[in-house]
Amino acid sequence: MSQRHSRSRRAAVLLTAVLAVGGVSVGPVAAAESTAVPFSDGFESGNTAVWPREGIDGKGSVDVVAAPGGHGGKAARFTMPDQGNSYRAEIATSRLPYGSYRYTFANYLPQDWTSFDAQTIVSQWHGGEGTTPAVVLAVKADRWLMLVHWTEGAGPLNEARYDLGPVRLGHWNQWSFDITWSTATTPGSLTARLDGTLVGSHQGPNDYSRTTNAPHRDTAPYHKIGLYRPNWKAEKGYVNGGTPPVVIYYDDVSITSISPAAGNPTAAPTPAGPAPTMSSAAAPAPATTAKPVPSPPPVRPSSSEPAQESPSARTPAATTGAAAPGTAFPTPSPTVDDALAQADTDTDRDNHDYVLAHTGSSSRIPLVVAAGSTLLIAGLLLAYRLRRRSATRRTHRKAH
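Throughout, the working numbering is defined as the position within the sequence shown, counted from one, plus 3.
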């Protein structure tokens, strides 16, 4: 009798252990998303099925075609017509846990790209509903522009802008962004490389993880590629401009886990071109660096944006932290032309009118439920086998 009770106790202990593992499986499930290569797509499948989200507003389109410019293979083509209600054509990856990642991709602006004074966002890392993109790569006039946004506590939005150099049309741009996403305990860092050359660096907060009641602060921003022109929205009074459709191509998109140190170069060169600019209602600001560019003219302003002064004509503002080669200068808040949407209105692949943050694989609930169910079934099977084994042994004893 005592042996029978002992076996029952052992079975109960094993079942409890299995269920306990299932009860705390949220952490391991989330960590499993961060593999050596969490995401990779060269579009050779002929479609964008591996991208869990897409956002098409108006009559834009995303399709896979033969890559232009002698690149070979296939590429994703994003098209956005200028007919009054088209302002977005994007696809996006799933969310990943906070950490350090290398985001690489190649994009191509065709020779007939029309220069546009306001921002055309071509890549962004978004935190979801109710937030401005944490990191933005945009084309403004004929130059590359990088913006970094963050908040502290309940404070206002902070922004740092970086001129990454001139745009080359008809050229495949090989981009690499090493990003350590900032958290309450991890200082953030970001380095941007174009065709293997360092073009920008940002040290300090780079998202909303330190924000009071920040939405989705349990995961890092997800990556979006394509086309987005905020000021082409109808509510901003935009009408048919009659210009040719905006087209961009993307290929070889990947996300790789890296060590935090990979995103922190030991030294950054002194910039010779326009310094990064900052606007913030909060006093503290991270040290920032930027790539030297060959003394370009100031970025062409929009009609509602004042012309920028020559960097040599400005008086640097006092900044906190160690001195950096690229000193930040205060600038006005973004103009209407450059304003970024505070809400992410992308939809999932079924075109349900859901905010992206609530759809696709950004939700952990299906993963947790699936893992918990699997462990529960395994525990029940284990208990059943132990009970059968115990019953078989009792039958043998009675037979003898």
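Each residue gets a CB set at the ideal place from its N, CA and C atoms; glycine is no exception. Bear in mind that the values here come from a model prediction, so they are computed numbers and not experimental data.
Where the beta strand (DSSP E) containing residue i begins and where it ends
i: PHE81; result: 77–83
i: LYS143; result: 138–144
i: LYS227; result: 225–231
i: GLN127; result: 119–129
i: ILE261; result: ILE261 -> no beta strand (DSSP E), and no H or E assigned at all.
i: THR107; result: 103–111
Sequence-distant residues of the same chain with beta carbon closer than 6 Å to residue i, five excluded per side
i: LEU148; result: ALA141
i: LYS246; result: The residue you asked about is not Lys; residue 246 is Thr in the sequence shown. Closer than 6 Å at the Cβ level, and outside the excluded window around THR246, lie ASP85 and THR117.
i: SER126; result: LEU140 and ILE228
i: ILE59; result: ALA92
i: PHE119; result: none
i: ASP353; result: At ASP353 the pLDDT is 39, less than 50, meaning the model places this residue with poor confidence; the figure from the coordinates comes in the next sentence. Result list for ASP353: empty, nothing under 6 Å.
i: GLY244; result: ASP85
i: PRO263; result: SER103 and THR183
i: ALA95; result: ARG56, TYR225 and LYS227
i: ARG392; result: none
i: LEU410; result: No answer is possible for residue 410: the residues shown for the chain start at 4 and end at 403.
i: ALA237; result: ASN88
i: GLY61; result: ASN88 and SER89
i: ARG232; result: TYR90 and THR123
i: ALA52; result: none
Nonlocal neighbours in the same chain, by C-beta distance under 7 Å from residue i, ignoring five residues either side
i: ASN1; result: The chain is shown only over 4 to 403; residue 1 falls outside these bounds and no answer can be derived.
i: VAL242; result: GLY87
i: SER64; result: THR82 and ALA92
i: GLU47; result: GLY76 and LYS77
i: PRO41; result: LEU99, ILE258 and SER260
i: PRO190; result: GLY207
i: ARG397; result: none
i: GLY173; result: GLY72, PRO113 and GLN114
Residues that residue i bridges to, as DSSP identifies them
i: LYS236; result: Its beta-bridge partners do not exist; DSSP assigns none.
i: ILE380; result: Paired residues: none, contrary to the question.
i: PRO386; result: Correcting the residue type first, residue 386 is Ala in the shown sequence and not Pro. Partner(s): none; ALA386 has no beta bridge.
i: SER64; result: THR82
i: TRP116; result: Paired residues: none, contrary to the question.
i: PHE46; result: Note: PHE46 sits in no beta bridge, so no partner.
i: TYR253; result: ALA79 and ASN110
i: ALA69; result: LYS77
i: HIS152; result: GLU162
i: THR214; result: GLY156
Residues near residue i by beta carbon distance below 8 Å, same chain, minus five either side
i: LEU22; result: Residue confidence for LEU22 is low, a pLDDT of 41 falling below 50, so the modelled location carries little weight and cannot support an answer.
i: VAL16; result: At VAL16 the pLDDT is 46, less than 50, meaning the model places this residue with poor confidence and gives no usable figure here.
i: SER212; result: TYR101, TRP184, SER185, THR186, ALA187 and ARG220
i: ALA1; result: As shown, the chain starts at 4 and ends at 403. That puts residue 1 outside it, with no answer to give.
Any chain C beta carbon closer than 7 Å to residue i
i: SER192; result: No chain C is present in this structure, which holds just one protein chain.
Examine the Cβ distances between the region 196–209 and the region 57–69 and report whether three or more of them are shorter than 8 Å. These segments do not touch.
Counting pairs of beta carbons, one from the region 173–183 and one from the region 100–112, are three or more of them closer than 8 Å? Flag = yes, the region 173–183 and the region 100–112 touch.
Ranges of the alpha helix (DSSP H) found wholly within the region 154–201, counting only runs of at least 4: none
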